[in-house]
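Numbering-wise, this note's numbering puts 18 at position 12 of the sequence shown, and it's gapless, one number per residue. Even glycine gets a Cβ: it sits at the ideal position worked out from N, Cα and C. In this text, all values refer to a predicted model and were calculated from it rather than measured experimentally.
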Amino acid sequence: MNSDPIADYLTRVRNAIKANHRVVEIPSSNIKKEITKVLYDKGYIQSYKFDDSSVQGTIKIALKYNPTTKQSAIVKLERISKPGLRKYTGNDNLPRVLNGLGIAILSTSKGVMTEKEAKSLNVGGEVLCYVY
């Protein structure tokens with residue numbers, strides 16, 4: 007049993023990057039699927055595949071590396087809103103990550119999205135994590 011599945015997701019990706027793995031396999035949930043889609047849309051991962059053959063299912067993520075320097079596209083994954091201390095933000099003060107170079111992933115009433123998409127839709131929500 008895991009008390010924070012999103013932190014587990016981020017830690018598995020972080021560990022796979024440090025070990026220079028090409029693919030990481032993560033137990034699936036709806037919020038993890040949405041975070042994976044956001045990471046793919048913003049170009050932080052190469053590809054993903056949802057495997058729903060078992061009861062819970064898994065997410066297979068192909069990590070993205072620079073072909074010449076072998077550096078990962080993801081430099082840092084940071085969990086912001088934790089089960090013990092939730093962080094919410096309104097549409098008027100959405101966070102800027104690395105002065106606009108990174109993304110903040112938010113869970114809003116309109117779904118999981120980046121802070122830029124939330125600003126354009128004029129919604130706030132729970133700040134799940136920062137990615138840069």
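Check	Outcome
Cβ neighbours of Lys-70 in the same chain (closer than 6 Å, five flanking residues each side left out)	Ile-51, Gln-52 and Ala-79
Option nearest Val-19 by Cα separation, candidates Ser-35, Tyr-94, Tyr-46 and Ile-67	Ile-67
Candidates Val-81, Leu-83 and Lys-43: closest to Ile-65 by CA position	Lys-43
Beta-carbon proximity list for Ser-35, same chain, < 7 Å, skipping 5 on both sides	Pro-11
Where the beta strand (DSSP E) containing Leu-134 begins and where it ends	131–137
Alpha carbon of Ile-32 to alpha carbon of Lys-116, nearest angstrom	25 Å
Opposing strand residues paired with Ile-32 [DSSP bridges]	Ile-65
Rounded Cβ spacing between Tyr-138 and Val-81 (contact assumed at less than 8 Å)	6 Å
Limits of the unbroken beta strand (DSSP E) element including Val-118	117–120
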